[in-house]
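Residue numbers (my numbering): 277 to 467.
First comes the structure, then the notes that go with it.
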């Protein structure tokens with residue numbers, strides 16, 4: 277994961293689509309501005325490190341642009357899971373998803389999205405991330421994928437609370453900071 281952020285999330289198996297989506301969104305640590313995929317080489321290394329492409333795969337600037345649009349669009353989609361409002365997702369997300377080589381297959385226990393690009397391309401690796409969205413929907417974890425509501429954090433996490441009301445990535449860090457700010461604001465309020 278990017279930066280030094282510490283959430284309350286346990287490590288999940290790499291085959292878990294929710295864990296892959298969280299890991300991808302968290303390639304940018306908003307608080308420290310550390311970005312694991314800031315360059316095409318960084319993107320290729322990250323994809324290879326997750327087994328989404330073979331080692332030695334090369335990424336281009338266009339792949340990096342698609343990856344950043346996908347990551348930030350997913351961050352906004354996860355932020356929208358905090359409420360019932362319609363998400364105002366960036367147009368770049370739709371463009372990024374449309375650019376990825378995916379197709380629907382009807383073999384197996386349920387329809388699925390699969391990459392059609394050979395695994396040795398960055399676009400193929402990004403297509404595997406996009407396919408993880410539908411796998412997460414099928415697993416029931418998609419609406420539980422959220423981002424921390426603290427503006428300078430925005431870390432992605434899986435909301436495992438019974439009532440799906442978790443707001444912060446970590447109660448110990450962001451939750452404590454938010455509650456402290458609210459307490460101080462109440463004490464300063466007139467009357």
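For each residue, glycine too, the CB sits at the ideal point set by N, CA and C.
- With the rule of 3 Cβ pairs closer than 8 Å, the segment 343-355 counts as touching the segment 365-381.
- Relative to residue 409, the option among 323, 350 and 340 whose CA is nearest is 350.
- Under DSSP, residue 422 takes part in a beta bridge, and its partners are 433.
- Fewer than three beta-carbon pairs drawn from the segment 373-393 and the segment 417-426 are found closer than 8 Å, and the two stretches are therefore not classed as touching.
- Between the beta-carbon of residue 378 and that of residue 399 there is about 10 Å, and that puts the pair past the 8 Å contact cut.
- Around the beta carbon of residue 306, 16 or more other beta carbons sit within 10 angstroms, so the residue counts as buried.
- Taking C-alpha positions only, residue 353 is separated from residue 332 by approximately 31 Å.
- DSSP places residue 377 in no beta strand (DSSP E); its state is neither H nor E.
- Pairing residue 326 with residue 304 gives a Cβ-Cβ distance that is not under 8 Å.
- Rounded to the nearest whole angstrom, the C-alpha separation of residue 367 and residue 383 is 31 Å.
- The C-alpha of residue 403 lies about 14 Å from the C-alpha of residue 338.
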